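Student: Residues in the sequence shown are numbered consecutively from 4, following this note's numbering.
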Amino acid sequence: MNDYWGFKMAMTQDDLKRAVAQAAIAYVPADCIVGVGTGSTANFFIDELARIKHKLRGAVASSEASAKRLQGHGIEVVSLNDAGELPVYVDGADEITRHLHMVKGGGGALTREKIVAAASKKFVCVCDASKLVDVLGKFPLPIEVIPMARSYIAREVVKLGGHPKLREGCTTDNGNIILDVHGLQILNPVELETALNHLPGVVTNGLFARRGADVLLLGTRDGVQTITL
Ligand code: 5RP
Numbered sequence: 004m005n006d007y008w009g010f011k012m013a014m015t016q017d018d019l020k021r022a023v024a025q026a027a028i029a030y031v032p033a034d035c036i037v038g039v040g041t042g043s044t045a046n047f048f049i050d051e052l053a054r055i056k057h058k059l060r061g062a063v064a065s066s067e068a069s070a071k072r073l074q075g076h077g078i079e080v081v082s083l084n085d086a087g088e089l090p091v092y093v094d095g096a097d098e099i100t101r102h103l104h105m106v107k108g109g110g111g112a113l114t115r116e117k118i119v120a121a122a123s124k125k126f127v128c129v130c131d132a133s134k135l136v137d138v139l140g141k142f143p144l145p146i147e148v149i150p151m152a153r154s155y156i157a158r159e160v161v162k163l164g165g166h167p168k169l170r171e172g173c174t175t176d177n178g179n180i181i182l183d184v185h186g187l188q189i190l191n192p193v194e195l196e197t198a199l200n201h202l203p204g205v206v207t208n209g210l211f212a213r214r215g216a217d218v219l220l221l222g223t224r225d226g227v228q229t230i231t232l
């Protein structure tokens, strides 16, 4: 963005999020049902989708909040069970590496996000530049847990080197709790994701490494960078 004199104006984080949301529209085929993520970047994407809603058959939402926003724009929200395989899922991330492994779930919607991502041919991740990291783990890793398993999972997470903290006042769309795990340096995201999946009582963990993103649209001051593997 340039000002009157041609100097680059400081872009805000919201400007960067809006820019990647706009760029993601190019990945949405005409006449499709699109998978839609959750969070502030996904909200910008939903607002962009509203401009092309006449070309869409509908959207599958990864949270009640996104479903409400889509409906507010007059976009039909379709259940994943009725939609079949989706051509594309667009969502943000809390952290992402150049291998397109992610930590997600800052907004608490990780389980539905992982389901919709798994049911989609392509995952387009939309992030501002602050989300790109070399090693995952600085952002606390969310784990959605069945309430009765809270203490057991917390003890197991400590054995894995993490410091779990209950997300106060949070009940997920699925009626569960979230443990945010601090202090991890996740050098092997696929292995950790698998190990956490095997703990009884874990519904989902916020590592998206086994099924990472296919494309990262990264909002930088110099424009939107496209990163693929
Ligand atoms: C919600 C998520 C979001 O994608 C993640 O928290 C990023 O959100 P934002 O776009 O607001 O930074 O995983 O569960």
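Built from N, CA and C at the ideal position, the CB exists for glycine as well.
From a predicted model like this one, the values you see are computed outputs, not experimental measurements.
Does the segment 203 to 214 come close enough to the segment 141 to 158 to have 3 or more Cβ pairs within less than 8 angstroms?
Tutor: yes
Student: Please report the straight-line C-alpha distance between Gly186 and Leu89, rounded to a whole angstrom.
Tutor: 35 angstroms
Student: Which residues in the same chain have their Cβ closer than 6 angstroms to the Cβ of Gln25, if we skip the five residues on either side of it in sequence?
Tutor: Glu51
Student: Using 10 angstroms around the beta-carbon of Lys107, count the other beta-carbons present and answer buried if the total reaches 16, otherwise exposed.
Tutor: buried
Student: In angstroms, rounded to a whole number, what distance separates the CA positions of Pro203 and Asp176?
Tutor: 20 angstroms
Student: Alpha carbon to alpha carbon, how far is Gly77 from Leu59? Give it in angstroms, no decimals.
Tutor: C-alpha separation (whole angstroms): 11 angstroms.
Student: Would you check if the segment 112 to 131 and the segment 216 to 230 touch, i.e. whether three or more CB-CB distances between them fall below 8 angstroms?
Tutor: yes
Student: Sorry if obvious, but does the Cβ on Leu113 come closer than 8 angstroms to a heavy atom of the ligand 5RP?
Tutor: Answer for Leu113: yes, Cβ within range of the ligand 5RP.
Student: How should Asn200 be labelled, buried or exposed, when 16 other C-beta atoms within 10 angstroms of its C-beta is the threshold for buried?
Tutor: exposed
Student: For Asp94, verify whether its CB is less than 8 angstroms away from any heavy atom of the ligand 5RP.
Tutor: Yes, since a heavy atom of the ligand 5RP falls inside the 8 angstroms radius drawn around the Cβ of Asp94.
Student: To the nearest whole angstrom, what separates the beta carbons of Arg101 and Ile230, a pair I think is in contact under 8 angstroms?
Tutor: 6 angstroms
Student: The ligand 5RP heavy atoms versus the CB of Thr15: any closer than 8 angstroms?
Tutor: Not so, every heavy atom of the ligand 5RP lies at least 8 angstroms from the Cβ.
Student: Which residue marks the beginning of the alpha helix (DSSP H) containing Pro192, and which one marks its end?
Tutor: Pro192 to Asn200
Student: Evaluate Ile55 with the Cβ neighbour count: other Cβ atoms within 10 Å of its Cβ, from every protein chain shown; 16 or more gives buried, anything less gives exposed.
Tutor: exposed
Student: Considering Glu116, what are the terminal residues of the alpha helix (DSSP H) in which it resides?
Tutor: Leu113 to Ala121
Student: Just checking Ala45 against the ligand 5RP - is the residue's beta carbon closer than 8 angstroms to any of the ligand's heavy atoms?
Tutor: Yes, the ligand 5RP has a heavy atom inside 8 angstroms of this Cβ.
Student: DSSP on Leu187, reduced to helix/strand/coil?
Tutor: coil
Student: Is Cys173 a contact residue of the ligand 5RP, with contact defined as CB to any heavy atom under 8 angstroms?
Tutor: Between the ligand 5RP and the CB of Cys173, the shortest heavy atom gap is not smaller than 8 angstroms.
Student: Work out the CA separation of Ala96 and Met105 for me, nearest whole Å.
Tutor: 6 angstroms
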